[in-house]
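What follows is a set of notes on a single structure, which appears directly below.
Numbering (the numbering used here), first residue to last: 9 to 130.
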(Lines of atoms letter the chains of each structure in order from A; the text may use other names.)
(Lines give C-alpha, C1' and ligand atoms only; values in the text may rest on other atoms or scores of the structure.)
Protein backbone atom coordinates (compact mmCIF):
# COMPACT_ATOMS: atom_id res chain seq x y z
CA UNK A 9 0.00 0.00 0.00
CA UNK A 10 1.39 3.39 -0.98
CA UNK A 11 1.04 6.25 1.48
CA UNK A 12 0.07 9.66 0.20
CA UNK A 13 2.21 12.74 0.88
CA UNK A 14 0.04 13.83 3.82
CA UNK A 15 0.07 10.42 5.49
CA UNK A 16 3.81 10.06 4.92
CA UNK A 17 4.52 13.47 6.47
CA UNK A 18 2.15 12.77 9.39
CA UNK A 19 3.96 9.50 10.03
CA UNK A 20 7.34 11.27 10.18
CA UNK A 21 5.94 13.96 12.45
CA UNK A 22 4.45 11.38 14.82
CA UNK A 23 7.84 9.73 15.18
CA UNK A 24 9.53 13.05 15.89
CA UNK A 25 6.87 14.14 18.36
CA UNK A 26 7.38 10.98 20.39
CA UNK A 27 10.73 12.58 21.31
CA UNK A 28 12.56 9.54 20.03
CA UNK A 29 13.11 9.36 16.31
CA UNK A 30 14.72 6.00 15.80
CA UNK A 31 16.74 5.85 12.63
CA UNK A 32 17.81 2.28 12.25
CA UNK A 33 20.92 1.68 10.25
CA UNK A 34 21.35 -1.94 9.25
CA UNK A 35 24.97 -2.90 9.47
CA UNK A 36 27.41 -5.74 9.41
CA UNK A 37 27.26 -8.98 11.33
CA UNK A 38 27.25 -8.77 15.13
CA UNK A 39 30.86 -9.93 15.25
CA UNK A 40 32.26 -6.70 13.78
CA UNK A 41 33.43 -4.67 16.75
CA UNK A 42 35.11 -1.88 14.73
CA UNK A 43 31.87 -0.75 13.06
CA UNK A 44 30.30 2.48 14.28
CA UNK A 45 27.49 4.92 13.54
CA UNK A 46 27.29 8.65 14.18
CA UNK A 47 25.28 11.77 13.53
CA UNK A 48 27.11 14.21 11.27
CA UNK A 49 24.48 16.95 11.49
CA UNK A 50 22.83 18.33 13.53
CA UNK A 51 25.30 18.33 16.41
CA UNK A 52 24.47 17.60 20.06
CA UNK A 53 22.64 20.58 21.61
CA UNK A 54 21.85 22.28 18.28
CA UNK A 55 18.77 24.46 17.87
CA UNK A 56 17.14 23.66 14.53
CA UNK A 57 14.31 24.92 12.34
CA UNK A 58 12.06 23.01 9.94
CA UNK A 59 12.75 21.22 7.79
CA UNK A 60 15.51 19.49 9.76
CA UNK A 61 18.05 17.65 7.62
CA UNK A 62 19.63 14.83 9.60
CA UNK A 63 22.92 13.51 8.20
CA UNK A 64 24.34 10.22 9.46
CA UNK A 65 27.48 8.21 8.78
CA UNK A 66 28.64 4.65 9.27
CA UNK A 67 32.25 3.59 9.61
CA UNK A 68 33.68 0.18 8.71
CA UNK A 69 30.66 -1.12 6.81
CA UNK A 70 28.94 -0.38 3.54
CA UNK A 71 25.56 1.36 3.49
CA UNK A 72 23.32 0.01 0.72
CA UNK A 73 19.59 -0.43 -0.01
CA UNK A 74 17.57 -2.95 2.00
CA UNK A 75 17.61 -6.51 0.82
CA UNK A 76 20.03 -9.35 1.23
CA UNK A 77 21.76 -9.71 4.60
CA UNK A 78 25.52 -9.48 3.96
CA UNK A 79 28.35 -9.15 6.47
CA UNK A 80 29.86 -5.68 6.34
CA UNK A 81 26.85 -4.14 4.54
CA UNK A 82 23.59 -2.56 5.67
CA UNK A 83 20.92 0.03 5.05
CA UNK A 84 19.12 2.91 6.67
CA UNK A 85 15.67 1.91 7.87
CA UNK A 86 14.15 4.19 5.23
CA UNK A 87 15.17 1.35 2.90
CA UNK A 88 17.10 2.88 0.02
CA UNK A 89 20.52 3.19 1.63
CA UNK A 90 20.06 6.83 2.62
CA UNK A 91 22.39 8.44 5.12
CA UNK A 92 20.25 11.58 5.18
CA UNK A 93 16.66 12.25 6.23
CA UNK A 94 14.43 15.31 6.41
CA UNK A 95 12.13 15.70 9.42
CA UNK A 96 9.44 18.16 10.44
CA UNK A 97 9.69 18.64 14.20
CA UNK A 98 7.27 20.23 16.63
CA UNK A 99 8.69 22.97 18.88
CA UNK A 100 10.52 21.66 21.94
CA UNK A 101 13.26 19.23 22.85
CA UNK A 102 13.89 16.08 20.83
CA UNK A 103 16.18 13.07 21.20
CA UNK A 104 17.36 11.41 18.02
CA UNK A 105 18.74 7.88 18.27
CA UNK A 106 20.80 6.19 15.58
CA UNK A 107 21.08 2.41 16.04
CA UNK A 108 22.99 -0.11 13.94
CA UNK A 109 21.12 -3.29 13.11
CA UNK A 110 21.60 -6.36 10.96
CA UNK A 111 19.79 -6.89 7.67
CA UNK A 112 16.79 -8.32 9.55
CA UNK A 113 16.47 -5.05 11.57
CA UNK A 114 17.81 -6.67 14.78
CA UNK A 115 19.76 -4.10 16.81
CA UNK A 116 23.45 -4.88 17.18
CA UNK A 117 25.05 -4.60 20.63
CA UNK A 118 27.88 -2.21 21.41
CA UNK A 119 28.36 1.38 22.45
CA UNK A 120 29.79 2.34 19.03
CA UNK A 121 26.71 1.01 17.25
CA UNK A 122 24.31 3.53 18.73
CA UNK A 123 24.38 7.29 19.24
CA UNK A 124 21.88 9.68 20.77
CA UNK A 125 21.79 13.43 20.39
CA UNK A 126 19.51 16.02 21.95
CA UNK A 127 18.36 18.92 19.82
CA UNK A 128 15.85 21.73 20.22
CA UNK A 129 13.31 23.10 17.77
CA UNK A 130 12.37 26.73 18.38
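The C-beta atom is built at its ideal place from N, Cα and C for all residues, glycine as well.
- In the DSSP assignment, residue 126 is bridged to 103.
- Here residue 76 has 111 as same chain residues with Cβ atoms under 8 Å from its own Cβ, once five neighbours each way along the sequence are excluded.
- With 16 or more other Cβ atoms from the protein chains shown falling within 10 Å of its own Cβ, residue 43 counts as buried.
- Distance between residue 52 and residue 72, taken at the CA atoms: about 26 Å.
- By the neighbour-count criterion, in which 16 or more other beta carbons inside 10 Å mark a residue as buried, residue 102 falls on the buried side.
- Non-local beta-carbon contacts of residue 60 in its own chain, meaning distances under 6 Å to residues more than five positions away in sequence, involve 95 and 97 in chain order.
- Taking all protein chains shown into account, residue 114 has fewer than 16 neighbouring C-beta atoms within 10 Å of its C-beta and is therefore exposed.
- Judged by DSSP secondary structure, residue 92 falls within the beta strand (DSSP E) whose first and last residues are 92-95.
- Judged by DSSP in its simplified three-state form, residue 119 adopts helix.
- Residue 93 has its alpha-carbon roughly 11 Å from the corresponding atom of residue 47.
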